[in-house]
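If you want this note's numbering, it's the 1-based position in the sequence shown plus 875.
Just so it is clear, CB atoms sit at the ideal spot from N, CA and C, and this is done for glycine as well.
Below is one structure, written out as structure tokens; the observations come after it.
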Amino acid sequence: MSAPLALRNQQIMMTFAEKYQAEIKGLIARFPHKKSAVLPLMHLAQHHYGYTSDEAMREVAAILDLDPTHVLSLAGFYTLYYEEPVGKYVLEICNDLACALRGADQFVEMACDKLGVDVDETTADGLFTIKTVMCLAACDRAPMLQCNLKFEENLDEAKFEALLARLRTEAADGAAGPTVVEKITAYAKSQ
Ligand code: FES
């Protein structure tokens, strides 16, 4: 039987600090200084809220007695923290120098055109977010991207269309697998 409405609302309203009290304590205990737990705590906050909202980062800062600006700047620096909600599939296209020399910028333009969004935007159906990222160490297989952290290499327009078709079918069949945030959280927890 599902929880009564009031209880469900209360669960949604619960901050991650309240919900993950024991986990936060455990993460902090791993380090000699509690401020060193900042990245794992940011992952946990991202897991709870779905992205690293300002509110979430301020909460992390308060727990660790850090300046909120410091935590917000970390969220802006690392590509695996998402400062805005993202779609079911996050397509992170490398357009760093080596990939740019193999047509990555034109590939990004084509991908954005196909999905009707700009870089850092999500399609209206919530399925796809396009991002550009720095070198993913697959320079000889450009144009390339990672889709929810899985590499797709040696791409061209036809292969990109086929990828989109496969992902749309997967999503329609309810077989999409974990989201990028879920994958990142699982990886962070395993460390
Ligand atoms: S520059 Fe794109 S993978 Fe290295």
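Taking the Cβ of C1014 as the reference point, at least one heavy atom of the ligand FES falls within a distance shorter than 7 Å.
Distances from the alpha-carbon of F891 to those of A931, S911 and K910 put A931 closest. In this structure, R977 sits away from A912, with a CB-CB distance that is not shorter than 8 Å. Here K1006 carries a strand assignment [DSSP, helix/strand/coil]. DSSP, reduced to helix, strand and coil, places Q1021 within a strand of the structure shown.
No residue range can be given for E959, since it is assigned to no alpha helix (DSSP H) and is classified by DSSP as neither H nor E. Placement of the Cβ of L1011 at a distance of less than 7 Å from at least one heavy atom of the ligand FES is found. In terms of Cβ geometry, L1002 and K1058 do not form a close pair [threshold 8 Å].
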